[in-house]
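Residue numbers (my numbering): 146 to 252.
Backbone N, C-alpha and C define an ideal beta-carbon position, used for all residues, glycine too.
Values in this document were obtained by computation on a predicted structure and should not be read as measured data.
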Amino acid sequence: LAERLRGQGVQVDYLPLYRRRAPDYPAGELLARVRAERLNGLVVSSGQGLQNLYQLAAADWPEIGRLPLFVPSPRVAEMARELGAQRVIDCRGASAPALLAALTSAA
């Protein structure tokens, strides 16, 4: 977008304010938090989010992967299954209404 605007003679200043980054939890922290909060499912909003979850879970992935994973698309659902997730629910969209419908139907 910036290059396109510059091509039209617009002065564009760029200031990065957003960066995707996985949290830096020590080993076992993710599972400890899942257990402490008594979570019975997880929402994954992207393929990158799924990869981050998988990496954070590390050796605990077999247990984390047994929780229902609510994902936004068939592509992310397939990724989750390939990683060994046992119950994957495709929300058929990343919108709040799509997620709510999937959560309601899974209850």
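**Item:** Cα-Cα separation, A230 to A241
**Value:** 23 Å
**Message:** On the DSSP bridge list, what partners appear for L187?
**Reply:** L214
**Prompt:** Buried or exposed: which applies to L245, given that a residue is buried once 16 or more other Cβ atoms fall within 10 Å of its Cβ?
**Reply:** exposed
**Message:** Suppose the cutoff is 6 Å on Cβ atoms and the five residues either side in sequence are ignored; what does the same chain contact list for A202 look like?
**Reply:** L175 and I209
**Prompt:** Who pairs with I209 in a beta bridge, going by DSSP?
**Reply:** None, per the DSSP bridge assignment.
**Request:** Rank Q196, P207 and A243 by C-alpha distance to the C-alpha of E223 and give the top, closest one.
**Result:** Q196
**Prompt:** From L150, R211, Y170 and Q193, pick the residue whose C-alpha is nearest to that of V233; which is it?
**Reply:** R211
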